[in-house]
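Have a look at the structure below, then the notes.
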Amino acid sequence: AQRVTQPEKLLSVFKGAPVELKCNYSYSGSPELFWYVQYSRQRLQLLLRHISRESIKGFTADLNKGETSFHLKKPFAQEEDSAMYYCALSWQGGSEKLVFGKGTKLTVNP
Amino acid sequence: EPEVTQTPSHQVTQMGQEVILRCVPISNHLYFYWYRQILGQKVEFLVSFYNNEISEKSEIFDDQFSVERPDGSNFTLKIRSTKLEDSAMYFCASGGLAANTGELFFGEGSRLTVL
């Protein structure tokens, strides 16, 4: 079964520090991986997806098929990055549904 | 920018009562979903809907649950006889302008409290 694991429920860093939110997945085929973000009192929204290889708000994520990981990184965290971050997986033939990890709450302290 | 809208934002109901949660997906989207998030837990897939029928449903989506797209714009989730454990945030999402773009657009959620 498809599964997404985010081992850290909470992550706290200081402004300007690097941040890495971990995500591992379980799927034997070719997955599509995403990071969704939910800022306080806002809706879930797409942050980035692995197929586009883009950097959004300074965040990047590289799909590592050998380690089945898709960690989210930012070299210098900002206070406005504080939010819930969800790693998610979809796959061809999966009716485009997303399977989410449990989420990591990132707090960036001043 | 078009958004997915959900009503009500919060509903309190008695156990055993029927509840209908409403969603207006983005108009040219093809796939529609309901997810739920029990407090402190992860966002869980309930059901996906495509071409006017359920394309996939999870184990959670038992006979108490049903979905409908009655008029080409609304997408509803009905819980026939609510249980305490149905208390959760219910998110509607839509997506799929083209084949498997993968991006889903979520509503703000409807918080259901079952007493």
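Protein sequences appear in the order of chains A and B.
Everything in the first sequence is counted per the working numbering, starting at 1 for the first residue and increasing by one.
Everything in the second sequence is counted per the working numbering, starting at 1001 for the first residue and increasing by one.
Cβ atoms here follow ideal geometry from the backbone N, Cα and C, with glycine treated the same way.
Which of helix, strand or coil DSSP assigns to residue i
i	result
Ala1099 of chain B	Because Ala1099 of chain B sits at a pLDDT of 48, beneath the cut-off of 50, its placement in the model cannot be relied upon, and the point is left open.
Glu8 of chain A	coil
Leu48 of chain A	strand
Glu32 of chain A	strand
Glu79 of chain A	helix
Leu1104 of chain B	strand
Leu98 of chain A	coil
Leu1084 of chain B	helix
Asn1028 of chain B	coil
Phe70 of chain A	coil
Lys105 of chain A	strand
Glu1068 of chain B	strand
Phe14 of chain A	strand
Bridge partner(s) assigned by DSSP for residue i
i	result
Cys1023 of chain B	B:Gln1006 and B:Phe1075
Ile56 of chain A	A:Phe59
Cys23 of chain A	DSSP lists no partner for Cys23 of chain A.
Ala1 of chain A	Partner(s): none; Ala1 of chain A has no beta bridge.
Glu1056 of chain B	B:Ser1048
Tyr1035 of chain B	B:Phe1045 and B:Phe1091
Arg1111 of chain B	B:His1010 and B:Met1089
Ala88 of chain A	A:Phe34 and A:Phe100
Cβ neighbour criterion (16 or more within 10 Å) applied to residue i
i	result
Gln42 of chain A	exposed
Ala1099 of chain B	With a pLDDT of only 48 at Ala1099 of chain B, under 50, the local geometry of the prediction cannot be trusted, and the value read off the model is given with reservation. Its Cβ having fewer than 16 others within 10 Å, Ala1099 of chain B is exposed.
Leu21 of chain A	buried
Asp1086 of chain B	buried
Leu47 of chain A	buried
Tyr25 of chain A	buried
Pro1025 of chain B	buried
Phe1105 of chain B	buried
Phe14 of chain A	exposed
CB-CB length for residue i against residue j, believed under 8 Å
i	j	result
Phe32 of chain A	Arg49 of chain A	Checking the sequence shown, residue 32 of chain A turns out to be Glu, not Phe. That belief holds up - the Cβ atoms of Glu32 of chain A and Arg49 of chain A are roughly 7 Å apart, short of 8 Å.
Cross-chain neighbours of residue i in chain B, by beta carbon under 7 Å
i	result
Tyr27 of chain A	Those do not exist, as Tyr27 of chain A stays about 14 Å from chain B at its closest Cβ, beyond 7 Å.
Ala46 of chain A	Ala is not the amino acid found at residue 46 of chain A; the sequence shown has Leu there. Residues of chain B passing the Cβ test: Glu1103.
Arg53 of chain A	The premise fails here: Arg53 of chain A is roughly 14 Å from chain B at the closest Cβ pair, so nothing lies under 7 Å.
Partners in chain B for residue i, counting only beta-carbon separations shorter than 8 Å
i	result
Val99 of chain A	Phe1045
Tyr85 of chain A	Residues of chain B passing the Cβ test: none, with the nearest at roughly 12 Å.
Within chain B, the residues that residue i reaches when beta carbons sit closer than 9 Å
i	result
Arg3 of chain A	Residues of chain B passing the Cβ test: none, with the nearest at roughly 11 Å.
Residue i: contacting residues in chain A (beta-carbon distance under 8 Å)
i	result
Tyr1090 of chain B	Going along chain A, no residue has its Cβ under 8 Å from Tyr1090 of chain B, so there is no contact; the nearest lies around 13 Å.
7 Å Cβ cut-off: residues of chain A touching residue i
i	result
Lys1042 of chain B	Phe100, Gly101, Lys102 and Gly103
Glu1108 of chain B	Arg43
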